[in-house]
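Engineer: Its first residue numbered 19, the sequence shown is counted upward by one per residue in my numbering.
Glycine residues also receive a C-beta, built at the ideal position from the N, C-alpha and C atoms.
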Amino acid sequence: MRVVFTVLDAFPHSVIGSDMTPNLSKQATAGSMPASGGESLMLSVTYSNHAAFMTGLPPLQTGHWGNWAWINNEFGKTYDSGPQGRTIFDDCNESRLQSVAVVGDHKLLATMGALQANVSWPPAGSPPAGTPLDAYGYPKDEAVIEAAARTDLDVDFVLFHLNEPDTSMHMHGPDSTEARDQYRRSDRSYGLLVDLLKPLWDDTILITVSDHCQEPTDYPECVNLRDHAKSVGWPVQMRNDGTGAIIVASEELPQEEFAQLQSEILRFEGVGGGVLAAPNVYLVWTEPHRMFGRGEPLTRGNHGSPR
Numbered sequence: 019m020r021v022v023f024t025v026l027d028a029f030p031h032s033v034i035g036s037d038m039t040p041n042l043s044k045q046a047t048a049g050s051m052p053a054s055g056g057e058s059l060m061l062s063v064t065y066s067n068h069a070a071f072m073t074g075l076p077p078l079q080t081g082h083w084g085n086w087a088w089i090n091n092e093f094g095k096t097y098d099s100g101p102q103g104r105t106i107f108d109d110c111n112e113s114r115l116q117s118v119a120v121v122g123d124h125k126l127l128a129t130m131g132a133l134q135a136n137v138s139w140p141p142a143g144s145p146p147a148g149t150p151l152d153a154y155g156y157p158k159d160e161a162v163i164e165a166a167a168r169t170d171l172d173v174d175f176v177l178f179h180l181n182e183p184d185t186s187m188h189m190h191g192p193d194s195t196e197a198r199d200q201y202r203r204s205d206r207s208y209g210l211l212v213d214l215l216k217p218l219w220d221d222t223i224l225i226t227v228s229d230h231c232q233e234p235t236d237y238p239e240c241v242n243l244r245d246h247a248k249s250v251g252w253p254v255q256m257r258n259d260g261t262g263a264i265i266v267a268s269e270e271l272p273q274e275e276f277a278q279l280q281s282e283i284l285r286f287e288g289v290g291g292g293v294l295a296a297p298n299v300y301l302v303w304t305e306p307h308r309m310f311g312r313g314e315p316l317t318r319g320n321h322g323s324p325r
């Protein structure tokens, strides 16, 4: 039996239907799909969710709280640390099962521990020269399909990932004509990946997910909580992550004072809410249509909040 886990990055559950996404709709009808979709981790971003996909562990154990890792009392890049936990690829290797990973975000391979697969693409986590890239420098869907077509998929576990929906929504907004056109194109790409599985279809379990959605970020000014935290001397470290942010208290900060600080954070203009995710980790999100950062928003769509 072969298990295939396919991720359509940022693909919204709300657009799946026979007109716009006939291939996804066909798979949902032939199998099953939750009526209201699934629920992302908080923060609702790419890298922490993918670490959870491959480990089954929460951020407190993987160390991936968003697109940033908090490990050994410091922030770092998720693809530098990898997930702090056992992955499906580790289990495959220990059980002498064969695994393949072909992804449209090359940084995901290290983030997910997928460099331990028997075959991974892009090789060594870097797109080869001549690979068609999108506007953000990630392999296009067509490159993923071509790589998958060159790969022996007669294995025990396959990971596929298409990234272009995420890039299109960042650039144009999730409700834009450009994004909707991309949903259709990525559905066709998904159908081509499914076609590659057909020779062993009767022995295949196909699981298809999205890691998060996006929301419009068209308010003309970002929420600059991070610079405010520095200017007033809050004893925290903070990283912006789209419409969410990660705030980690210093080890010396008593819980009572951290609780008071959380109240101050929630009163800051543009902050929409927050949740204490660990004794020293506070995850916050913006009001609708806003994102964290400085000045004007750099994207027309983003993610991170629980919306």
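From this set, G94, Q232, G319 and D205, which residue's C-alpha is nearest D37's C-alpha?
Structural biologist: Mapped onto the sequence shown, residue 37 falls at position 19. Of G94, Q232, G319 and D205, the residue nearest in Cα terms is D205.
Engineer: In chain order, which continuous runs of the beta strand (DSSP E) of length 3 or greater are located wholly inside the segment 70 to 131?
Structural biologist: List check, beta strand (DSSP E) in window: 86 to 89, 92 to 95 and 117 to 120.
Engineer: Report all residues from its chain with a CB closer than 7 Å to the CB of A247; omit the five preceding and five following residues, and keep chain order.
Structural biologist: The sequence position of residue 247 within the sequence shown is 229, counting from 1. Closer than 7 Å at the Cβ level, and outside the excluded window around A247, lie V254 and M256.
Engineer: Check each candidate in A295, I34 and G191 and name the one with the smallest Cα separation from P315.
Structural biologist: Working through the sequence shown from its first residue, we reach residue 315 at position 297. Closest option to P315, Cα to Cα, is G191.
Engineer: May I ask which residues mark the beginning and end of the alpha helix (DSSP H) holding V250?
Structural biologist: Residue mapping note: residue 250 aligns to position 232 of the sequence shown, counting from 1. Looking at the DSSP string, the run of the alpha helix (DSSP H) that includes V250 is L243 to V250.
Engineer: Give every residue of the same chain whose Cβ lies closer than 6 Å to the Cβ of T105, excluding the five residues on either side of it in the sequence, and list them in chain order.
Structural biologist: Reading the sequence shown from its first residue, position 87 is the one you call residue 105. So the list reads M72, T73 and G131, once near-sequence residues are dropped.
Engineer: If contacts are defined as beta-carbon pairs under 8 Å, then T261 and E287 qualify, I think. What distance do you get, rounded to the angstrom?
Structural biologist: In the sequence shown, counting from the first residue as 1, residue 261 sits at position 243. In the sequence shown, counting from the first residue as 1, residue 287 sits at position 269. Not quite, the Cβ-Cβ distance comes to about 15 Å (not below 8 Å), so this is no contact.
Engineer: For Y329, which three-state DSSP category applies?
Structural biologist: Since the first and last residues shown for the chain are 19 and 325, residue 329 lies out of range.
Engineer: May I ask you to report which of helix, strand or coil DSSP gives D259?
Structural biologist: Locating residue 259 in the sequence shown gives position 241, where the first residue counts as 1. Here D259 sits in strand by DSSP.
Engineer: CB V299 to CB V250, shorter than 7 Å?
Structural biologist: Looking up residue 299 in the sequence shown gives position 281. Looking up residue 250 in the sequence shown gives position 232. Not a contact, by the Cβ cut-off of 7 Å.
Engineer: Using the DSSP secondary-structure output, state which residues sit across from W219 in a beta bridge.
Structural biologist: By 1-based counting over the sequence shown, the position of residue 219 is 201. For W219, which the question treats as bridged, DSSP gives no partner whatsoever.
Engineer: I'd like the list of long-range same chain contacts for Y237, defined as Cβ closer than 6 Å, with 5 residues on each side in sequence excluded.
Structural biologist: Counting from 1 along the sequence shown, the entry for residue 237 is found at position 219. These residues qualify, in order along the chain: H307 and R308.
Engineer: Any heavy atom of the ligand MG inside 6 Å of the beta-carbon of Y300?
Structural biologist: Although the ligand MG was asked about, the structure shown includes no ligands whatsoever.
Engineer: Just checking my contact of I225 with W86 at CB under 8 Å: how many whole Å lie between their CB atoms?
Structural biologist: As a position in the sequence shown, residue 225 is number 207, starting the count at 1. As a position in the sequence shown, residue 86 is number 68, starting the count at 1. Between W86 and I225 the Cβ distance is about 27 Å, and since that is not below 8 Å, they are no contact.
Engineer: Per DSSP, which residues does N320 bridge with? Please list them.
Structural biologist: Working through the sequence shown from its first residue, we reach residue 320 at position 302. Per DSSP, E233.
Engineer: My assumption, with CB atoms under 8 Å, is that N242 sits in contact with R312. Please give the rounded CB distance.
Structural biologist: In the sequence shown, counting from the first residue as 1, residue 242 sits at position 224. In the sequence shown, counting from the first residue as 1, residue 312 sits at position 294. Contact holds; Cβ gap of about 5 Å.
Engineer: Around the Cβ of I163, are there at least 16 other Cβ atoms within 10 angstroms (buried) or fewer (exposed)?
Structural biologist: Sequence index remark: in the sequence shown, residue 163 carries index 145 (1-based). I163 comes out buried.
Engineer: With a threshold of 6 Å on Cβ separation, who are the neighbours of A165 within its own chain once the five nearest residues in sequence on each side are excluded?
Structural biologist: Sequence index remark: in the sequence shown, residue 165 carries index 147 (1-based). If we look at A165 and ignore the five residues flanking it on each side, its Cβ neighbours are V120 and W139.
Engineer: So, do the segment 213 to 223 and the segment 94 to 111 have three or more beta carbon pairs nearer to each other than 8 Å?
Structural biologist: Segments in contact, no.
Engineer: Could you tell me whether the Cβ of G56 comes closer than 7 Å to any Cβ of chain D?
Structural biologist: No chain D appears in the structure shown, which is made up of a single protein chain.
Engineer: Please work out which residues of its chain come closer than 8 Å, Cβ to Cβ, to G56, disregarding the five sequence neighbours upstream and downstream, and give them in chain order.
Structural biologist: Working through the sequence shown from its first residue, we reach residue 56 at position 38. Hits under 8 Å: H31, V227 and S228.
Engineer: Secondary structure at P297, three-state DSSP: helix, strand or coil?
Structural biologist: The residue given as residue 297 occupies position 279 in the sequence shown. The answer is coil: DSSP assigns P297 none of H, G, I, E or B.
Engineer: Checking the sheet assignment: what are the DSSP bridge partners for P157?
Structural biologist: By 1-based counting over the sequence shown, the position of residue 157 is 139. P157 is bridged to L151.
Engineer: May I ask you to report which of helix, strand or coil DSSP gives S43?
Structural biologist: Here residue 43 is taken as the residue at index 25 of the sequence shown, counted from 1. DSSP places S43 in helix when its eight states are reduced to three.
Engineer: If you check the beta carbons only, do T222 and V22 fall under 7 Å apart?
Structural biologist: Looking up residue 222 in the sequence shown gives position 204. Looking up residue 22 in the sequence shown gives position 4. In contact: T222 and V22 (Cβ atoms closer than 7 Å).
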